[in-house]
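A.B. asks: Numbering (this note's numbering), first residue to last: 814 to 900.
Quick one: structure below, then a few questions.
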């Protein structure tokens with residue numbers, strides 16, 4: 814496994830030390846690996862959300878191109894939402 818040195822603030826180093834001392838992690842390296850896995854997963858989820866949003870936007874554009882839309886202003890949309898949630 815490759816080795817990498819990183820610099821931490823005192824606050825971060827204290828946090829790592831406390832986590833290791835608590836027994837939740839066997840070592841600082843284990844904690845950092847876990848943190849990086851969480852960051853990777855967070856980024857994957859973010860990419861998935863962006864892809865889903867882009868797909869929804871594409872659907873909306875295609876619907877608009879086919880004339881499948883209604884012209885409402887923001888106030889009308891807000892009133893419709895309030896009406897639905899009140900029901």
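Glycine included, every Cβ here is placed at the ideal spot set by N, Cα and C.
Alpha carbon to alpha carbon, how far is residue 826 from residue 878?
C.D. replies: Between the alpha carbons of residue 826 and residue 878 lies a gap of roughly 56 Å.
A.B. asks: If you follow the alpha helix (DSSP H) that residue 879 is part of, which residue opens it and which one closes it?
C.D. replies: Neither: residue 879 is in no alpha helix (DSSP H) and is coded neither H nor E.
A.B. asks: Excluding the five sequence neighbours on either side, which residues of its own chain have a C-beta within less than 6 Å of the C-beta of residue 838, listed in chain order?
C.D. replies: 832, 844
A.B. asks: Measuring only the C-alpha atoms, how far is residue 854 from residue 894?
C.D. replies: 33 Å
A.B. asks: Expressed to the nearest angstrom, what Euclidean distance is found between the alpha-carbon atoms of residue 829 and residue 899?
C.D. replies: Approximately 49 Å between the Cα atoms of the pair.
A.B. asks: Give the range of the alpha helix (DSSP H) segment to which residue 823 is assigned.
C.D. replies: 823-834
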